[in-house]
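**Q** Residue numbers (the numbering used here): 1 to 335.
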Amino acid sequence: MWKELEELKRQFPLLDYLRRHNWIPCQVGHRQEFVGLCPLHAETHPSFYVNAVKNVFYCHGCGRGGDLINFAQFYFDLPFLSTLAHLRHELGLTASSESALLDEAAAFYQSQLNHHEPALDYLNQRGLRDPDLIRHLGIGYAPGGSLRRHLTALGHPLERLIDSGLVTREGRDTFFRRVMFPCREDGHCTNLYGRSIAVAPAHRFLPRPKAGLFAWETVRQSSSVILVEGLFDLALLWQSGFLNTTCAMGTNLTPAQFAQLCDRQSRQVFLAFDSDVNRRGQDAAAALALRLEHAGLKACIVDLPPGQDPNSYFCSGAGAPDFAGCLARAQEAQP
Ligand SMILES: [Zn+2]
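1. Which residues are close to ligand 1, meaning CB closer than 6 angstroms to any heavy atom, in chain order?
2. Pairs of beta-carbons, one from the segment 129-143 and one from the segment 106-114, closer than 8 angstroms: are there three or more?
3. Quick one: what's Ala272 bridged to in DSSP?
4. Cα separation between Leu206 and Glu117?
5. Do Phe214 and Cys189 have their CB atoms nearer than 9 angstroms?
6. How is the alpha helix (DSSP H) around Ser82 delimited, first residue to last?
7. To the nearest angstrom, how far is the alpha carbon of Phe175 from that of Leu261?
8. Might you give, ordered along the chain, the residues of its own chain that have their beta carbon closer than 7 angstroms to the beta carbon of Pro285, omitting 5 neighbours on each side?
9. Measuring CB atoms only, is the segment 54-61 touching the segment 9-22, in the sense that at least three cross pairs come out at less than 8 angstroms?
10. Three-state secondary structure (DSSP) at Cys262?
11. If you draw a straight line from the C-alpha of Ala299 to the C-alpha of Ser222, how long is it?
12. Taking 8 angstroms as the threshold, find out whether the segment 27-34 comes into contact with the segment 64-73 through three or more Cβ pairs.
13. State the DSSP-derived secondary structure class of Pro182, mapped to helix, strand or coil.
14. By Cβ distance below 6 angstroms, which residues in the same chain neighbour Glu4 in space, the five residues on each side in sequence not counted?
15. Which full runs of the alpha helix (DSSP H) of 4+ residues lie inside the segment 111-196, going along the chain?
16. In whole angstroms, what separates the C-alpha of Gln331 from that of Leu304?
17. Can you tell me where the beta strand (DSSP E) holding Cys59 begins and where it ends?
18. Using 8 angstroms for Cβ pairs, my map puts Gly230 next to Ala320. What's the rounded Cβ distance?
19. Between which two residues does the beta strand (DSSP E) harbouring Lys298 extend?
20. Quick one: what does DSSP say Arg204 is sitting in, helix, strand or coil?
21. Return the chain-ordered list of same chain residues with a C-beta closer than 7 angstroms to the C-beta of Leu37, the five sequence neighbours on each side being excluded.
22. Bridge partners for Gly65 per DSSP, in chain order?
23. Kindly list the residues whose CB is nearer than 8 angstroms to the CB of Leu14, restricted to its own chain and excluding five residues on each side of it in sequence; keep chain order.
24. Can you tell me which of the three DSSP states Asn252 falls into?
25. Could you tell me if Arg20 is buried or exposed, where buried requires 16 or more neighbouring beta carbons within 10 angstroms of its beta carbon?
26. Distance, Cα to Cα, Asp322 vs Asp233?
27. On the CB-based measure, 16 or more other CB atoms within 10 Å of its CB, does His136 come out buried or exposed?
28. Check for me: the beta strand (DSSP E) holding Asn311 runs from which residue to which?
29. Which same chain residues, not among the five before or five after Pro306, have their C-beta less than 8 angstroms away from its C-beta?
30. Which of helix, strand or coil does DSSP assign to Gly307?
31. For a test of the three-state rule: what should DSSP assign to Phe242, helix, strand or coil?
32. Let me make sure I understand the geometry here. Which of Leu253, Arg148, Asp263 and Glu217 has the alpha-carbon closest to that of Leu243?
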């Protein structure tokens, strides 16, 4: 393992890796030392140093430092082993077999959807009615008890199905009676989100890195972007014509997702988080809005009626003009 780590770090110097993630370095004197804004915390004065000879970094702002692996661990907010898996994938060191497997699982779930009335009822009840959009988003259904058989028949060894998290150690399908959303990046499935239609715990992902922002390759073209918490919020907004909506799968953005939002300076971001009674969503939106403003973006907080999220707002009878009204009334963050 140690040898592999050293090889990885030698093959992909930290400075090159940071540049891949749009870090802008400034050389310090004549030494192989560089400084720039810290990708791990919000700041306006550069305090993130990279020593290209030693291949390490240190940030005087947040006190974090280390090598390529440590950086990726902080940046993607992952445990050690998942960080390695993610780096291997990101740097093209694994065969694309992993994402091919997830693509096949997603395709199987999608093929099941129309055969299961309760799943269609569930989508209908959540306000998702446009068959073209359901197909476009790749939404499917996991009845449970048939994915393992399907994938092993396609030649995937059971061990790999277990490693991917699609099948449990006991050999059962992980997703059971769940409406399935594939999270895709660059056209490939990077994770699967399963929403229970029964009494099972409401939702779960496969145990792997949180993907980037949903459909970012298309949404990033817009100069104004709507960010929501959940995939059903996104689906209803897309259905109502707000195609510039993306989703971070929760209110906590990984540094990588935050960097995606900031890849265009003049961008306006509307934060349409849940309007929770305990103000959890509103507080998260306020904190994120300030960070975005610090990073040079324009951030506005969308106020929904108490207790509503974008999904339930549309289900309660609101239409596109109502939501457009919410956007027009959205408040800019107050520093
Ligand atoms: Zn820092």
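By construction, the Cβ of each residue, glycine as well, lies at the ideal position given by its N, Cα and C atoms.
A quick note: this is a predicted structure, and the numbers were derived from the prediction, not measured.
**A** The structure says:
1. Residues with their Cβ less than 6 angstroms from any non-hydrogen atom of ligand 1, running along the chain, are Cys38, Leu40, His41, Phe48, Cys59, Gly61, Cys62 and Arg64.
2. By the Cβ test, the segment 129-143 is in contact with the segment 106-114, since at least three Cβ pairs between them sit closer than 8 angstroms.
3. Bridge partners of Ala272 according to DSSP: Val228.
4. In a straight line, the C-alpha of Leu206 is about 25 angstroms away from that of Glu117.
5. Inclusion of Phe214 and Cys189 in the CB contact set at 9 angstroms is not warranted, their separation being larger than that value.
6. From DSSP, the alpha helix (DSSP H) with Ser82 extends over Phe80 to Glu90.
7. Their backbone Cα atoms lie some 31 angstroms apart in a straight line.
8. The sequence given here places Ala at residue 285; Pro does not occur at that position. Only Leu271, Phe273 and Ile301 meet the Cβ criterion.
9. Judged by Cβ distances under 8 angstroms, the segment 54-61 makes contact with the segment 9-22, as three or more pairs qualify.
10. Three-state DSSP puts Cys262 in coil, outside helix and strand.
11. Ala299 and Ser222: Cα-Cα distance of roughly 14 angstroms.
12. Contact between the segment 27-34 and the segment 64-73 is absent: fewer than 3 CB-CB pairs across the two stretches fall below 8 angstroms.
13. In this structure, Pro182 counts as strand in the three-state DSSP scheme.
14. For Glu4, where only same-chain residues beyond five positions count, there are no Cβ hits under 6 angstroms.
15. If we require 4 residues or more, the alpha helix (DSSP H) runs fully inside the segment 111-196 come out as 117-125, 131-136, 147-153 and 158-164.
16. Leu304 has its alpha-carbon roughly 12 angstroms from the corresponding atom of Gln331.
17. Its beta strand (DSSP E) spans residues Val56 to Cys59.
18. That belief does not hold up - the Cβ atoms of Gly230 and Ala320 are roughly 19 angstroms apart, past 8 angstroms.
19. Per DSSP, Lys298 belongs to the beta strand (DSSP E) from Lys298 to Ile301.
20. Note: Arg204 maps to strand in three-state DSSP.
21. Cβ neighbours of Leu37 beyond the five flanking positions: Glu43, Pro46 and Phe48.
22. Residue pairing of Gly65 in beta bridges, as defined by DSSP: Tyr58.
23. Val50, Ala52, Asn55, Val56, Phe57, Asp67, Leu68 and Phe71.
24. Of the three classes helix, strand and coil, the one that applies to Asn252 here is coil, per DSSP.
25. Arg20 comes out exposed.
26. Going from the Cα of Asp322 to the Cα of Asp233 covers about 15 angstroms.
27. Classification for His136: exposed.
28. For Asn311, there is no enclosing beta strand (DSSP E); the residue is part of the alpha helix (DSSP H) that begins and ends at Pro310 to Cys315.
29. Non-local C-beta neighbours of Pro306 in its own chain, meaning closer than 8 angstroms and more than five positions away in sequence, comprise Ser275 and Val277, ordered along the chain.
30. Gly307 falls in the coil class under three-state DSSP.
31. If DSSP states are grouped into helix, strand and coil, Phe242 belongs with coil.
32. Answer by Cα proximity: Glu217.
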